[in-house]
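In my numbering, the protein residues as written are 9 to 171.
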């Protein structure tokens with residue numbers, strides 16, 4: 009039997025968080041949080057504890073209680089270079105403010121990429137912490153949201169934004 013190269017496997021742990029707007033799955037690797045996503049149900053009762061997962065749950069609790077306006081858990085975002093650029097731009101939208109797809113396109117130097125910005129938003133793996141809910145249409149209308157319009161409205165209202 010020949011020696012096969014050892015593959016690097018990042019540890020991946022996850023837990024569940026029951027938020028006021030539904031179940032969130034929180035996942036991590038060795039570098040930070042890789043996923044915060046809405047789930048219809050818990051797929052398993054398994055839930056793990058770790059520094060990143062516990063801290064993310066704590067910060068989400070504070071956010072939903074109205075006492076936290078920004079997150080500082082380490083993120084380990086997986087995506088294309090363009091997606092990562094968009095997601096980092098989203099993190100610059102302040103709490104209680106919104107930006108249009110065009111605003112984000114301009115901020116990353118891709119003025120004609122509004123549609124691609126929308127696509128990157130849709131594939132955001134870390135909802136709420138990477139605040140894609142703060143992106144609205146240029147005409148001020150709410151636009152879409154991968155987690156559903158009612159959740160987007162809830163998050164905007166929580167931050168004092170009346171769409």
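Backbone N, C-alpha and C define an ideal beta-carbon position, used for all residues, glycine too.
Query: Sub-8 Å separation of residue 36 and residue 42 beta-carbons; Result: yes
Query: Beta-carbon contacts of residue 16 that lie in its chain and below 8 Å, excluding the five residues immediately before and after; Result: Annotation note: pLDDT 45 at residue 16 (below 50); position unreliable, no value reported.
Query: Buried versus exposed call for residue 157 [16 or more other C-beta atoms within 10 Å across all chains shown]; Result: exposed
Query: For residue 47, the first and last residue of its enclosing beta strand (DSSP E); Result: 41–47
Query: Per-residue DSSP class, three states only, for residue 11; Result: The pLDDT assigned to residue 11 is 46, lower than 50, so where the model puts this residue is not dependable, and the model offers no usable value.
Query: Rounded separation between residue 122 and residue 142 - CA only; Result: 15 Å
Query: Counterpart residues of residue 154 in DSSP-defined beta bridges; Result: According to DSSP, residue 154 bridges with nothing at all.
Query: CB contact flag (residue 34, residue 64, <8 Å); Result: yes
Query: Residues near residue 155 by beta carbon distance below 7 Å, same chain, minus five either side; Result: 46 and 135
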